[in-house]
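Asker: In terms of the numbering used here, the sequence shown opens at residue 344 and continues consecutively. Cβ coordinates follow ideal geometry from the N, Cα and C atoms, glycine included. None of these values were measured; they are calculated from a predicted model.
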Amino acid sequence: MTERFPKMRIIFCFIFTLFYGAFSKTINVATNRRVTLQPLVEGEIENILWRHNGNKMVEWDNKAGNVSEYLKFKGRIKLDVKAGDVTIIHLTKDDSGLYDAVMIIQGKLIIRKHRVEVTDPVTKAKITCLSNATLHCEAEGDFLDYSWSGPGLQTAEMRGQTGPQISKENQDSVYTCVVNNPEIISSFYV
């Protein structure tokens with residue numbers, strides 16, 4: 344009975360790796376940019392299939408020697424057949440999701456997974472000072488986070504707010520609005 348448990352552990356690890364593979368952290372990238380996904384494997388690749396959300400994206404077999412691109416990725420990808428890296432250009436929000444590389448290396452099945460989140464870049468913020476001395480900072484984009492710095496402001500208190508109220512004695516001071524999303528950080532001064 345003691346022999347059975349190590350075998351079960353090996354079977355569990357094999358099934359877990361088969362279904363889940365090695366998973367990297369989320370890669371954040373702005374729309375219209377490019378991303379390169381790297382499986383970081385060693386050995387000669389015999390066959391590789393990259394999928395996006397379970398759908399074929401690109402595949403290569405060293406016996407056939409040709410690269411086949413699929414669906415919306417035709418003309419937007421480059422596959423490095425030596426390293427297994429795939430580069431996708433002109434990213435759109437529809438390109439967000441789970442990417443996996445299924446490879447045969449020296450007769451062994453290897454799976455690598457990447458999650459990609461495509462967001463709009465932060466636009467230039469408009470900063471205005473209203474008559475009641477409240478600053479406003481607005482930008483367009485996804486997952487925006489605002490923070491302010493300047494005389495009399497506590498940065499922790501201002502995180503997430505679009506604008507602080509300033510006193511009349513500080514109206515000639517410089518205030519900084521920082522707008523960011525997971526891809527880009529932009530600073531604007533008033």
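Indicate whether I454 and N390 have their beta-carbon atoms separated by less than 8 Å.
Answerer: no
Asker: Can you check whether the CB of E460 is closer than 8 Å to the CB of T374?
Answerer: no
Asker: With 16 other CB atoms within 10 Å as the buried threshold, where does I431 fall?
Answerer: buried
Asker: Let me check one thing: in DSSP terms, what residues is A539 bridge-paired to?
Answerer: Nothing about residue 539 can be read from this structure; the chain reaches only from 344 to 533.
Asker: Hey, out of M400, V424, I420, whose CA is closest to N409's CA?
Answerer: V424
Asker: Classify S516 as buried or exposed, calling it buried when 16 or more other Cβ atoms lie within 10 Å of its own Cβ.
Answerer: exposed
Asker: Measure the beta-carbon distance from L441 to N396 and round it to whole angstroms, keeping in mind my assumption that it falls under 8 Å.
Answerer: 6 Å
Asker: CA-CA distance, G386 and L487?
Answerer: Those two C-alpha atoms are separated by around 42 Å.
Asker: Is it true that the CB of V522 sits closer than 8 Å to the CB of Y489?
Answerer: Less than 8 Å separates the beta-carbon of Y489 from that of V522.
Asker: Indicate the three-state DSSP secondary structure (helix, strand or coil) for K421 in the structure shown.
Answerer: strand
Asker: Determine, using beta carbons only, whether L434 and V372 come nearer to each other than 8 Å.
Answerer: yes
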